[in-house]
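For reference, the structure is listed below as structure tokens.
2 protein chains.
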Amino acid sequence: MARGPEPISPRSPRVTAARRLARRQTRAKERRFLAEGPQAVREATADGPRGPAVEELFTTADAADRHPDVIAAARAAGARVHLADDTVVTGLSTTVTPQGIVAVCRFLDTPLDTVLAAAPRLVAVLAQVRDPGNAGTVLRCADAAGADAVVLTDASVDAYNPKCVRASAGSLFHLPVVVGVPAAEAVDGLRAHGARVLAADGAGADDLDTELDHDRLAGPTAWLFGNEAWGLPEETRALADAVVRVPIHGRAESLNLATAAAVCLYASARAQRTAGRGRSEGGHSE
Amino acid sequence: MARGPEPISPRSPRVTAARRLARRQTRAKERRFLAEGPQAVREATADGPRGPAVEELFTTADAADRHPDVIAAARAAGARVHLADDTVVTGLSTTVTPQGIVAVCRFLDTPLDTVLAAAPRLVAVLAQVRDPGNAGTVLRCADAAGADAVVLTDASVDAYNPKCVRASAGSLFHLPVVVGVPAAEAVDGLRAHGARVLAADGAGADDLDTELDHDRLAGPTAWLFGNEAWGLPEETRALADAVVRVPIHGRAESLNLATAAAVCLYASARAQRTAGRGRSEGGHSE
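Taken in sequence, the protein lines are chains A and B.
In this text, residue positions in the first sequence follow this note's numbering: the first is 39, and each later residue adds one.
In this text, residue positions in the second sequence follow this note's numbering: the first is 39, and each later residue adds one.
As structure tokens, this is what we get:
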């Protein structure tokens with residue numbers, strides 16, 4: 039039988055070190071971040087091409103009782119598991135209702151070259167997105183739509199911000215995330231590897247329906263999404279092969295970032311899948 | 039020339055009455071709500087089938103200088119315009135950075151029968167949605183996708199909650215909103231008026247791509263969306279003609295409410311528009 043978790047003092051240097059990961063600078067220096075709640079921690083213990091992310095786990099006795107599978111998975115992943123009192127776990131939490139379990143995880147980001155080498159068919163690039171909740175929601179959408187990767191350019195929010203981690207609902211642990219590259223470098227690389235680059239922008243000359251009508255979304259595609267308030271900067275829009283707007287059929291001025299991204303990414307996902315089916319049916323009919 | 043706004047005392051009964059509209063009970067009794075910021079107030083002054091919503095306006099001198107068009111439109115709509123100091127406007131605001139302008143508006147909701155009589159082709163029904171930000175975001179999406187109406191069932195958040203008003207980004211003023219009807223009544227009415235009723239649910243037997251492949255989204259459609267945490271209650275799902283999931287192509291467990299609604303509503307919008315075009319093209323080719 040596995041031992042139970044070891045109790046830890048609220049004054050332990052390990053607690054202090056974990057608490058410092060609330061700051062972006064410390065995260066960047068340590069290349070570690072915090073993931074809280076049983077869902078995120080479970081994802082952090084999962085094995086994958088990048089191995090499990092979890093390094094250390096702080097859990098209350100209650101949470102350990104409620105989630106023995108998560109504790110066991112963390113141990114199996116080689117993480118130190120600490121039994122902590124409520125004040126310790128609450129001190130590491132950024133939610134209104136902490137769930138008693140917080141993991142210290144190592145950074146997961148993937149180099150741009152690794153993503154490009156895999157010839158991605160669908161990529162979301164976030165340029166200057168500043169709200170961590172929006173970035174996390176787009177990550178979750180991109181994962182759901184079957185995107186191969188998400189790129190957060192150098193002027194974007196930190197992917198490891200606790201609100202981004204939470205809004206991604208586990209997706210940060212699922213798909214390759216590239217961080218800190220300039221938009222131009224990401225676009226050049228994606229285009230050189232065969233992707234058509236589309237800037238999503240409410241002022242686009244072309245609309246998404248026209249793209250679909252002309253069967254232009256069937257090939258490898260990278261979508262550029264801009265800041266929630268001011269959209270894509272002109273110099274980033276200029277990098278794209280086309281600027282595409284989601285059609286507004288009613289009287290709304292625009293969609294918000296995450297819903298626009300969901301509509302674009304799912305349009306691509308469907309076009310790519312339908313095209314694949316069309317090609318194989320075409321082959322049989324000859 | 040129009041007079042400038044009349045100054046109002048922070049202790050005026052009108053200020054106190056407006057401040058009480060922060061409470062749902064008071065809003066329901068008075069059938070009035072608050073809309074803040076120049077964008078929302080501008081929408082509240084716009085004329086339309088329901089007439090302008092604005093009844094009274096509180097503005098700082100700065101905001102009046104910045105938005106003379108809004109002040110003029112409020113006057114033209116017959117609203118009383120009060121010049122108020124920062125503390126008054128901040129006291130009526132629920133945002134972190136108040137923009138100096140808040141309107142008292144009359145309720146805008148439309149009876150279900152009025153919506154049904156117009157033979158709507160696309161309707162979003164929110165059942166037990168509890169987060170006002172989510173409800174407002176879905177309203178905005180429904181407006182953008184060209185929906186004819188949004189229904190918030192009796193167990194849903196208040197459409198006039200300040201966070202819902204704000205997240206709707208003006209859409210609350212654009213399209214008919216029905217509030218407070220039981221889900222079963224809304225579904226029965228919509229079906230009786232020719233709509234196919236689809237429950238959006240991650241556990242749906244059918245997926246959205248299959249619906250599109252079989253051309254089943256071309257006709258009048260009502261989408262049921264459920265609570266952000268627990269989805270649609272079983273008894274509401276059972277009311278629908280089909281339970282449809284947004285396909286998850288990657289490893290995400292689900293989409294959040296607003297992004298799922300965006301994907302469903304835009305799929306319907308495109309299917310309906312493509313079908314219309316197909317029919318008219320078909321007619322020409324005979």
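We put the CB at the ideal spot given by N, CA and C, even for glycine.
When the Cα atoms are used, what is the spatial distance from V119/A to F96/A?
6 Å
Which residues in the same chain as D245/A place their Cβ atom closer than 8 Å to its Cβ, once the five residues preceding and following it in sequence are excluded?
V282, R283, V284, P285
Going by DSSP, which residues form a beta bridge with H120/B?
E44/B, F96/B
Using 10 angstroms around the beta-carbon of A315/A, count the other beta-carbons present and answer buried if the total reaches 16, otherwise exposed.
Residue identity differs from the one stated: residue 315/A is Arg in this sequence, not Ala. Classification for R315/A: exposed.
Could you give the distance in angstroms between the alpha-carbon of V301/A and the alpha-carbon of V176/A?
11 Å
Who are the Cβ neighbours of V217/A in its own chain at under 6 Å, not counting the five residues just before and after it?
D147, L190, A197
Quick one: complete beta strand (DSSP E) runs, 3+ long, within the region 260-306 of chain A?
280-283
Kindly say whether D36/B, judged by its beta-carbon, lies nearer than 8 Å to any beta-carbon of chain A.
Coverage of chain B is limited to positions 39 through 324, which leaves residue 36/B absent and any answer about it impossible.
Starting from T64/B, trace the alpha helix (DSSP H) in both directions and tell me its first and last residue.
62-68
Which term fits R186/B, buried or exposed, when burial requires 16 or more other beta carbons within 10 angstroms of its beta carbon?
Note that residue 186/B is Asp in the sequence shown here, rather than Arg. Label assigned to D186/B: buried.
Contact set for E83/B: own chain, Cβ-Cβ below 6 Å, skip 5 residues either direction:
Note on residue identity: the sequence assigns Thr, not Glu, to residue 83/B. Excluding positions up to five away in sequence, the list reads P90, V92, A111, A112, A115.
Does the CB of E266/A have a neighbour CB from chain B at under 8 Å?
no
8 Å Cβ cutoff met for E266/B and V203/B
no
Report yes or no: do the region 53-60 of chain B and the region 131-142 of chain B share at least 3 C-beta pairs separated by less than 8 Å?
yes
Using CA coordinates, which residue listed in P158/B, Q63/B, A66/B, A73/B is at the minimum distance from P200/B?
A73/B
Nearest residue (CA-CA) to R178/B, options G42/B, P45/B, L303/B:
L303/B
Output the distance between the C-alpha atoms of K67/A and A60/A, rounded to the nearest integer angstrom.
12 Å
Looking at the secondary structure, which residues open and close the alpha helix (DSSP H) in which T248/B lies?
246-251
Is R159/A helix, strand or coil when you go by DSSP?
coil
Using a Cβ-Cβ cutoff of less than 7 Å, which residues in the same chain neighbour D181/B once the five nearest sequence positions on both sides are dropped?
S209, H212, L213
With three or more C-beta pairs closer than 8 Å as the rule, is the region 120-135 of chain B touching the region 148-155 of chain B?
no
7 Å Cβ shell around P220/B - same chain, five flanking residues per side excluded
T191, D192
Could you check how far apart the C-beta atoms of L235/A and L295/A are, in whole angstroms? I think they sit under 8 Å.
This sequence places Val at residue 235/A; Leu is not what is there. Contact flag wrong, Cβ pair sits at about 18 Å.
If you compare alpha carbons, which of A78/A, G129/A, L130/A, T135/A is closest to H105/A?
A78/A
Evaluate T98/A with the Cβ neighbour count: other Cβ atoms within 10 Å of its Cβ, from every protein chain shown; 16 or more gives buried, anything less gives exposed.
buried
Taking its Cβ as the centre, do 16 or more other Cβ atoms sit within 10 Å of Q137/A, making it buried, or is it exposed?
buried
Could you give the first and the last residue of the continuous alpha helix (DSSP H) run that contains A110/A?
106-114
List the DSSP bridge partners of T191/A.
V219/A
Closer than 6 Å by C-beta to T274/A: which residues in its own chain qualify, once you throw out the five before and the five after it? Chain order, please.
A165, A221
Whole-angstrom distance between L130/B and P48/B, CA atom to CA atom
11 Å
Cβ shell of I109/B (< 8 Å), same chain only, five flanking positions each side left out:
P43, L95, T97, A102, V119
Distance check for T128/A and V134/A, CA to CA, integer angstroms please.
9 Å
Can you tell me which of the three DSSP states V142/A falls into?
strand
Go through its chain and collect everything with a Cβ distance to S323/A's Cβ below 8 Å, but skip five positions before and after it.
Per-residue confidence for S323/A stands at a pLDDT of 36, beneath the threshold of 50, marking its modelled position as unreliable; the derived number appears in the next sentence. Excluding positions up to five away in sequence, the list is empty.
Comparing C-alpha positions only, which one of R69/B, R88/B, D100/B, T64/B sits nearest to D76/B?
Note on residue identity: the sequence assigns Pro, not Asp, to residue 76/B. The shortest Cα separation from P76/B among R69/B, R88/B, D100/B, T64/B belongs to D100/B.
Run through chain B and tell me which residues come within less than 8 Å of D181/A, C-beta to C-beta.
G288, R289, A290
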